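Residue numbers (the numbering used here): 209 to 695.
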């Protein structure tokens, strides 16, 4: 009787293990390519190694590593070299090889110690994911608005300088600091160069409503067109940007009010542009004063720190623990704020957060992270509102994960912002989708809530979900396909 042949077990085959070992040696060499060995900032060194890793598609290799019980590096962004060397040592032992491997520049323990230290920019609390909430202009209509929120677990309060004035912000800060036995931090967002609508005084109290197919004239701030032919256009809307015609092309997309109104450029008229409404809403779409305008197809070079921002810095530095740079697009934006803080004698004392919300900000993120890392006491905000419009809504899920991973590699703490539990905040009834979104938000070091009537109830449900996710979060594994963003 013929003996039954034993099936080959690939997983314990020495040839397969030897192949993995050689591939790991190649990976170790690849992550070091082009990096100055004299680099002293271990976080930046790790980030550059991670960026080298993301030049290649290692997803199939990750599967092979998992087959033999080794780490797939799916959670190794913060200590990529250490993880590779540990896997090499385990394989060399399994193969009976006496291989001398150098120590990694940064161990697993050291990398996590750096991350924990850097995350204290938001709070020294032991909570893994901190909670920040925006202070509404009418906060003082409710007696002691801050204390219940602090008691429930809010770690930071956000003051938005796009609204109100210096006196109101100072009053907000004073009220926060007066909360007894609490040490909530104050985060102040600079308004930055946000491009906004400008309506005539006669139109501000009315709501301009446009419908699909309507033509809208967008007038640049420098427009010479003093008498537009109003009969041709459903609406004439001013814009705070000096030039429009020279930075756009026919066919470009234009979004107003976080994408609530979508238009397409149909004609260029000097520095003005004629747009056609493509939002198909039977009830029409409202265009209001001072609402944001996005031109995702245009390369708009605006400095993140505006003249107004510089004027108010001396006031907000009296109480701000952290200052947010809206629309940070380059390392120069970071260095400019650092220079302003140095002039005020606040450099290093006040934290800096770069808000990533444009295509250029994403592209330049490695350089932005380098500037922040050299400053210390810093973080990044994924500002999903404008970012979704800039890169396309369909790309947001992928991009927010990519940004989180790169920031982990740089040991940079992250705030996830925009529409977190928005329905819950406004109506006290969360949608199923936003509950799932909170599960993703748990990956960040901090989550930002906006304004709403049900702030306290929203914080409670947020804390409950975070407590549950603390039990399962480390089970995730990511795949390292080649990154198209930072090759």
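Glycine included, each C-beta is placed from N, C-alpha and C at the ideal position. The model shown is predicted, which means the values in this text are computed figures rather than measured ones.
Per DSSP, cross-strand counterpart(s) of residue 470
The count along the chain shown starts at 1 and reaches residue 470 at position 262. Residue 470 pairs with 463.
Can you list, in chain order, the residues of its chain whose CB lies under 7 Å from that of residue 448, leaving out five sequence neighbours each side?
Counting from 1 along the chain shown, the entry for residue 448 is found at position 240. Cβ neighbours of residue 448 beyond the five flanking positions: 403, 404, 406, 429.
If we ignore side chains and look at the alpha-carbon of each, how far apart do residue 655 and residue 433 end up?
Walking along the chain shown from the start, residue 655 turns up at place 447. Walking along the chain shown from the start, residue 433 turns up at place 225. Approximately 45 Å, taken between the alpha carbons.
Alpha carbons only, please: which of 260, 290, 497, 308 is nearest the one belonging to residue 415?
Along the chain shown, read from residue 1 onward, the residue named residue 415 stands at position 207. Minimum Cα distance to residue 415 is reached at 497.
Is it right to say residue 418 is buried, meaning 16 or more other beta carbons lie within 10 angstroms of its own, or is it exposed?
Numbered from its first residue, the chain shown carries residue 418 at position 210. Label assigned to residue 418: buried.
Could you spell out where the beta strand (DSSP E) holding residue 446 opens and where it closes?
Counting from 1 along the chain shown, the entry for residue 446 is found at position 238. Annotation: the continuous beta strand (DSSP E) that includes residue 446 extends over 443-447.
So what's residue 366 in DSSP terms, helix, strand or just coil?
For this step, residue 366 is matched to residue 158 along the chain shown. Strand, per DSSP.
Could you give the first and the last residue of the continuous alpha helix (DSSP H) run that contains residue 563?
If you number the chain shown from 1, residue 563 lands on position 355. Here residue 563 belongs to no alpha helix (DSSP H); instead the beta strand (DSSP E) covers 559-564.
For the stretch 561-570 and the stretch 527-540, state whether three or more C-beta atom pairs, one from each stretch, are separated by less than 8 Å.
Touching, yes, given that three or more Cβ pairs across the two stretches are closer than 8 Å.
Can you tell me whether residue 480 is helix, strand or coil according to DSSP?
To locate residue 480, count along the chain shown from 1; it is residue 272. Correct three-state label for residue 480: strand.
Quick check on residue 446: buried or exposed, where buried means 16 or more other Cβ atoms within 10 Å of its Cβ?
Taking the chain shown and counting its residues from 1, the one referred to as residue 446 is at position 238. Its Cβ being crowded by 16 or more others within 10 Å, residue 446 is buried.
For residue 289, count neighbouring C-beta atoms within 10 Å of its own C-beta (all shown protein chains included) and say buried if the count is 16 or more, exposed if not.
Along the chain shown, read from residue 1 onward, the residue named residue 289 stands at position 81. With 16 or more other Cβ atoms within 10 Å, it is buried.
Close Cβ partners of residue 218 (< 7 Å) along its chain, the five nearest in sequence each way excluded
Here the question's residue 218 lines up with position 10 in the chain shown. Because the pLDDT at residue 218 is just 47, under 50, the model does not fix this residue reliably, and the value given afterwards should be weighed accordingly. Annotation for residue 218: 224 place their beta carbon closer than 7 Å to its own, counting only its chain and skipping 5 residues before and after.
State the Cα-Cα distance for the pair residue 303 and residue 222, rounded to the nearest angstrom.
Position 95 of the chain shown, counted from the start, is the residue given in the question as residue 303. Position 14 of the chain shown, counted from the start, is the residue given in the question as residue 222. Cα-Cα distance, rounded: 7 Å.
Report all residues from its chain with a CB closer than 7 Å to the CB of residue 299; omit the five preceding and five following residues, and keep chain order.
The residue you call residue 299 lines up with position 91 of the chain shown. Cβ-Cβ distances below 7 Å link residue 299 to 225, 228, 229, 232 in the same chain, with the five nearest sequence neighbours on each side left out; the list follows chain order.
May I ask you to report which of helix, strand or coil DSSP gives residue 339?
For the purposes of this step, residue 339 is identified with residue 131 of the chain shown, where counting begins at 1. Strand at residue 339.
CB-CB length for residue 541 against residue 506, believed under 8 Å:
What you label residue 541 is simply residue 333 of the chain shown in a count that begins at 1. What you label residue 506 is simply residue 298 of the chain shown in a count that begins at 1. At roughly 18 Å, the Cβ-Cβ gap does not stay under 8 Å, so residue 541 and residue 506 are not in contact.
On the CB-based measure, 16 or more other CB atoms within 10 Å of its CB, does residue 678 come out buried or exposed?
Start at 1 with the first residue of the chain shown, and residue 678 comes out as number 470. Flag for residue 678 reads exposed.
Between which residues of its own chain and residue 488 is the CB-CB distance below 7 Å, once the five residues before and five after are set aside?
For the purposes of this step, residue 488 is identified with residue 280 of the chain shown, where counting begins at 1. Non-local C-beta neighbours of residue 488 in its own chain, meaning closer than 7 Å and more than five positions away in sequence, comprise 420, ordered along the chain.
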